[in-house]
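These notes concern the structure reproduced below.
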Amino acid sequence: MPRQKLWLFSCLNLILLLSLSFWLWSQNQPVELAKPALPENQKLQCASYAPYYTKGQSPFIKGTVISPEQIEHDLALLADRFDCVRTYSVGQGLHHVPETASKLGMEVILGVWIGWTDAENNRELTLGLKLANQYPEVIRAVVVGNEVLLRKEQTPAKLRAYLKRAKDSTSVPITYADVWEYWIKYQSMEGSVDFVTAHVLPYWEDDPQSIEAAILHASNVMKVLDATFSKPILIGETGWPSEGRHRNASAPSLVNQARYIREFLQVAQEKQWNYNLIEAFDQPWKRVLEGTVGGHWGLYDSQLNAKFSLTEAVAERNDGWHLYLSAALGVLVFSLLALFRQSTGASKSANLFAVIPLGAIAGAIAYLQLGYLVLACRDIYEWLALGGLAVAGWVGVLALPAFLLSGSSRARTWMHASLWLLAIAALTGSLLLLLDGRYRDFPISLFVLPCLQFGLVLLAAGFSIGRLPKRYVQILATSILANIALLFIEPLNLQAWAWLALNLLLLAAGFHKNHSSSTPNQHP
C-alpha cells in the first residue's frame, strides 16, 4: 500500500482528533452565568417534589408506597434551599409530606391528582381536603388537578364540580394547574379558583424557544396572563431540561438549565412573581413517557446531587480521567490490531502512526456512546436495539486496520456489512424522527465514527472499499429526504442538521470506486 495514503489517512484522523479534543475541552470549561439576587433567607420559593427517583420507583407501578423515612430525608435536603414544595398527589405515601414539612418549617402546595376515574379522583380529593384541614398552617394551597384539560381526561364542567367541592370543604386556597395556553383557552375556569396556576415551559412550547429567548418569552407570557386574569397568578411550573432532544432552537443542556433557572430567578425577584420550579429531583420514570428529556428537569440528579450552583460558573461536562482512559484503551486496541497484521510495504512504526489517531478517536467516541446509551435506553429492548446499532458500527471500524495495512478482503466484507446495517438503521431512525419524533433522541454518537471514517477519511485519503449496490444508495436517499422534511419543521435544530450530515456521509460511503489502483492488495 502506498505509504503516502497511510500518512494522509493518519493526518486526517489527527485533525479529527484535535477537533474532538477541542470540543471536549470546551465542554469541560466553566461558563459564567447570571448571579440572581435572592431573598434575605437565600431560599427559593418552591419546587415540584416527586420522590420517584430511584430504580424501580414509578407512580405507574401499582402498589408503590414511598416510605415516611424517604420523604423525611428528601425534604430535609430541600429545606436548605426551598421554602415550599409542590406535590401532585396524596397517594402512594405522599400524604406524609405535610406532616414532615411542618417539622422542617416548610410549606406545601398540595396536589390532588384528577384523572379519568371518578372513584379514584374522589378518594384523592377526600384525602387531600382532610390534610388541608389538618394542616392549614402548612398547606399554602390545594391544586385540584394538573393539566387535566390538556390531557382531556375531564371536561371543564366536571373539573369545576371538583373545584367547587374543594372550595366548599376547606378555607385553604384552591387552584387548578395547566399550561398557560389552556388557561387562555378556558378563561372561565378563573371563577372556580382562588388564584391561577399556569405552567410556563419555553422548551415545551408549540414554538420551542431558544435559551436566548426563553426569559423574554416567559415575561411576555406573564404580561398576557396579567392582562387576562384579575386573580393572582402562580407560575406553577417553569424550568429547563439538562439532557435530551433538541426541539428546533430549544436545546437541553446543563449550562442552559442553569442559565434559565438563574436568569428566571433574577427576573422573578425583580418583578415579584410567585413561582414553583420544576423540579426538585430528576425523574427517571418519566423517560418512559417523554424520552431522555423527560427524566432530566431536576435541580438535583437521581443521586440527589445538586446539578449546579446559583453563584458559581457551570461546566457542561466533567469528564475527568475516564475519558483519557477510554482514549488510551482505544489507542492500545488499534495499535495491537496494526501490529498483528501483515503490512504490504510499510514499517511497523508507519503502521502505528496510521492507526494511533484513529484509536484515540475511537476510544473517546466509545466513552461518549456509553454515556448516550445510559441516557437513552429505557429498557432491555432499547439496550439491545441501540447497543446492537453501536456494535454494527464498531464491526466496520475495527476492520479498518486489517484493510488499511494488508488489504484484507474479509475486512472489506465486514465494512460493507456494517454500512448496510447502518443505512437501514439510519432510514428507520429518520422516519421515526419525522413521523413520531417528539420524544426521540438523535443517535448521533452511534453513527459519527463510522460515518466519518467511511464517508470522509477513507475517501479523502484515496482508499476504496468498493462501490455499494444501488439499493444502498436508495435507502440513504430516502433517509435524507426524511431528514430534509424534518428540517422544514425544525430548521433551527442543530441536532437535526448534524443527523443530516451523517446521513450524507453514509451516502458518500456508497460511492467508493471499484478500480484496483485505489484498493489495497488483496489478502484474506
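Residue numbers 1 to 524, in the working numbering, belong to the letters of the sequence shown in order. Using N, Cα and C, we set each Cβ at its ideal position, and we do this for glycine too.
(1) Exposed or buried, Val374, counting other C-beta atoms within 10 Å across all chains shown (16 or more means buried)?
(2) Once the 5 residues before and after Gly466 are set aside, which same chain residues still bring their CB inside 6 Å of it?
(3) Might you give, ordered along the chain, the residues of its own chain that have their beta carbon closer than 6 Å to the beta carbon of Ala141, omitting 5 neighbours on each side?
(4) By how many angstroms is the C-alpha of Ala360 removed from the C-alpha of Ser516?
(5) Considering Asn274, what are the terminal residues of the alpha helix (DSSP H) in which it resides?
(6) Are three or more beta carbon pairs between the stretch 181 to 196 and the stretch 231 to 242 nearer than 8 Å?
(7) Val448: which of Ile278, Ala392 and Thr126 sits nearest, CA to CA?
(8) What number of angstroms, rounded off, separates the C-alpha of Arg151 from the C-alpha of Gln42?
(9) Where Leu431 and Pro241 are concerned, what is the direct C-alpha to C-alpha distance, given to the nearest angstrom?
(10) List the residues that DSSP assigns as beta-bridge partners of Thr197.
(11) Indicate whether the contact test is met: 3 or more Cβ pairs, each with one atom in the stretch 149 to 167 and one in the stretch 114 to 129, closer than 8 Å.
(12) The alpha helix (DSSP H) that contains Ile484, what's its start and end?
(13) Scan the stretch 34 to 82 and note each continuous alpha helix (DSSP H) run of 4 residues or more that stays entirely inside, going in chain order.
(14) Looking at the secondary structure, which residues open and close the beta strand (DSSP E) in which Gly145 lies?
(15) I think Asn493 touches Ala315, with their Cβ atoms under 8 Å apart; what is that distance to the nearest whole Å?
(16) Whole angstroms is fine: what's the gap from Asn146's alpha carbon to Leu325's?
(17) Going along the chain, which residues of its own chain have a beta-carbon closer than 7 Å to the beta-carbon of Ser479, five neighbours each way excluded?
(18) Give the range of the beta strand (DSSP E) segment to which Glu263 is assigned.
(19) Would you be able to state if there are at least three C-beta pairs under 8 Å between the stretch 380 to 388 and the stretch 403 to 416?
(20) Rounded to a whole number of angstroms, what is the C-alpha to C-alpha distance between His217 and Pro98?
(21) Sort out for me which residues DSSP pairs Phe308 with in a bridge.
(22) Who are the near neighbours of Leu435 in its chain, counting only those whose CB is closer than 7 Å to its CB and skipping five residues on each side?
(23) What are the boundary residues of the beta strand (DSSP E) that Ile109 is part of?
(24) Could you tell me which of Leu265, Lys286, Leu289 and Ala508 sits nearest to Ser464, measuring between CA atoms?
(25) CA-CA distance, Gly128 and Leu75?
(26) In chain order, what residues of the same chain lie with their CB nearer than 6 Å to the CB of Cys451, ignoring the 5 residues before and after it?
(27) Please name the residue in Phe82, Leu20 and Gln474 whose C-alpha comes closest to that of Gln45.
(28) DSSP three-state call for Cys11: helix, strand or coil?
(29) Ends of the alpha helix (DSSP H) at Phe281?
(30) Return the chain-ordered list of same chain residues with a C-beta closer than 8 Å to the C-beta of Gln369, the five sequence neighbours on each side being excluded.
(31) Could you check whether the Cβ of Ala37 sits closer than 7 Å to any Cβ belonging to chain D?
(32) What's the call for Met1, buried or exposed, on a 16-neighbour Cβ count within 10 Å?
(33) Please state the DSSP three-state secondary structure of Cys377.
(34) Assuming Tyr88 and Trp113 make a contact with CB atoms under 8 Å, what is their CB distance in whole Å?
(35) Around the C-beta of Gln283, are 16 or more other C-beta atoms found within 10 angstroms, so that it is buried, or is it exposed?
(36) With a threshold of 7 Å on Cβ separation, who are the neighbours of Ile278 within its own chain once the five nearest residues in sequence on each side are excluded?
A quick look at the data gives this:
(1) Translated into positions along the sequence shown, residue 374 becomes position 374. When all chains shown are included, Val374 counts as exposed.
(2) The sequence position of residue 466 within the sequence shown is 466, counting from 1. Taken in chain order, the residues that qualify are His512 and Asn514.
(3) By 1-based counting over the sequence shown, the position of residue 141 is 141. For Ala141, where only same-chain residues beyond five positions count, the Cβ hits under 6 Å are Ile109, Pro173 and Thr175.
(4) Taking the sequence shown and counting its residues from 1, one reaches residue 516 at position 516. Taking the sequence shown and counting its residues from 1, one reaches residue 360 at position 360. The predicted model places Ser516 with a pLDDT of 48, which falls under 50 and marks its position as unreliable, so this point remains unresolved.
(5) Within the sequence shown, the letter at position 274 stands for residue 274. Segment Asn274 to Leu277 is the beta strand (DSSP E) holding Asn274; no alpha helix (DSSP H) there.
(6) yes
(7) Translated into the one-based positions of the sequence shown, residue 448 becomes position 448. Taking only the C-alpha atoms, the option nearest Val448 is Ala392.
(8) Reading the sequence shown from its first residue, position 151 is the one you call residue 151. Reading the sequence shown from its first residue, position 42 is the one you call residue 42. If you take the alpha carbons of Arg151 and Gln42, they lie about 36 Å apart.
(9) For this step, residue 431 is matched to residue 431 along the sequence shown. For this step, residue 241 is matched to residue 241 along the sequence shown. Approximately 25 Å between the Cα atoms of the pair.
(10) Position 197 of the sequence shown, counted from the start, is the residue given in the question as residue 197. The partner list for Thr197 (beta bridge, DSSP) reads Ala177 and Leu234.
(11) yes
(12) Reading the sequence shown from its first residue, position 484 is the one you call residue 484. That run of the alpha helix (DSSP H) goes Lys470 to Ile489.
(13) 68 to 79
(14) Locating residue 145 in the sequence shown gives position 145, where the first residue counts as 1. First-last of the beta strand (DSSP E) with Gly145: Ile139 to Asn146.
(15) As a working note, residue 493 is residue 493 in the sequence shown. As a working note, residue 315 is residue 315 in the sequence shown. Actually they are not in contact, since the Cβ atoms of Asn493 and Ala315 sit about 24 Å apart, beyond 8 Å.
(16) Looking up residue 146 in the sequence shown gives position 146. Looking up residue 325 in the sequence shown gives position 325. The alpha-carbon atoms of Asn146 and Leu325 are separated by roughly 47 Å.
(17) By one-based count along the sequence shown, residue 479 stands at place 479. Only Ala426, Leu427, Ser430 and Asn503 meet the Cβ criterion.
(18) If you number the sequence shown from 1, residue 263 lands on position 263. No beta strand (DSSP E) holds Glu263; the alpha helix (DSSP H) holding it covers Leu254 to Lys271.
(19) no
(20) On the sequence shown, residue 217 is found 217 positions in, with the first residue counted as 1. On the sequence shown, residue 98 is found 98 positions in, with the first residue counted as 1. C-alpha separation (whole angstroms): 34 Å.
(21) Sequence index remark: in the sequence shown, residue 308 carries index 308 (1-based). Bridge partners of Phe308: none, in fact.
(22) Along the sequence shown, read from residue 1 onward, the residue named residue 435 stands at position 435. Closer than 7 Å at the Cβ level, and outside the excluded window around Leu435, lies no residue.
(23) Position 109 of the sequence shown, counted from the start, is the residue given in the question as residue 109. Taken as a continuous stretch (DSSP letters only), the beta strand (DSSP E) holding Ile109 covers Glu107 to Val112.
(24) Indexing the sequence shown from 1 puts residue 464 at position 464. The option with the nearest alpha carbon to Ser464 is Ala508.
(25) Your numbering for residue 128 matches position 128 in the sequence shown. Your numbering for residue 75 matches position 75 in the sequence shown. Those two C-alpha atoms are separated by around 19 Å.
(26) Taking the first residue of the sequence shown as position 1, residue 451 is located at position 451. Within the same chain, Cys451 has close Cβ partners Leu502, Leu505 and Leu506.
(27) Taking the sequence shown and counting its residues from 1, one reaches residue 45 at position 45. Answer by Cα proximity: Phe82.
(28) As a first step, residue 11 must be located in the sequence shown, where it is residue number 11. Cys11 falls in the helix class under three-state DSSP.
(29) Here residue 281 corresponds to residue number 281 of the sequence shown, with the count starting at 1. From DSSP, Phe281 is part of no alpha helix (DSSP H); its letter is neither H nor E.
(30) On the sequence shown, residue 369 is found 369 positions in, with the first residue counted as 1. Cβ neighbours of Gln369 beyond the five flanking positions: Ala390, Ser445 and Leu446.
(31) Absent from the structure is chain D; it holds one protein chain and no more.
(32) Here residue 1 is taken as the residue at index 1 of the sequence shown, counted from 1. At Met1 the pLDDT is 48, less than 50, meaning the model places this residue with poor confidence; the figure from the coordinates comes in the next sentence. So Met1 counts as buried.
(33) Here residue 377 corresponds to residue number 377 of the sequence shown, with the count starting at 1. If DSSP states are grouped into helix, strand and coil, Cys377 belongs with coil.
(34) The count along the sequence shown starts at 1 and reaches residue 88 at position 88. The count along the sequence shown starts at 1 and reaches residue 113 at position 113. Contact holds; Cβ gap of about 6 Å.
(35) Here residue 283 corresponds to residue number 283 of the sequence shown, with the count starting at 1. Buried is the call here.
(36) Working through the sequence shown from its first residue, we reach residue 278 at position 278. The residues are Ser48, Glu237, Thr238, Gly239 and Trp297.
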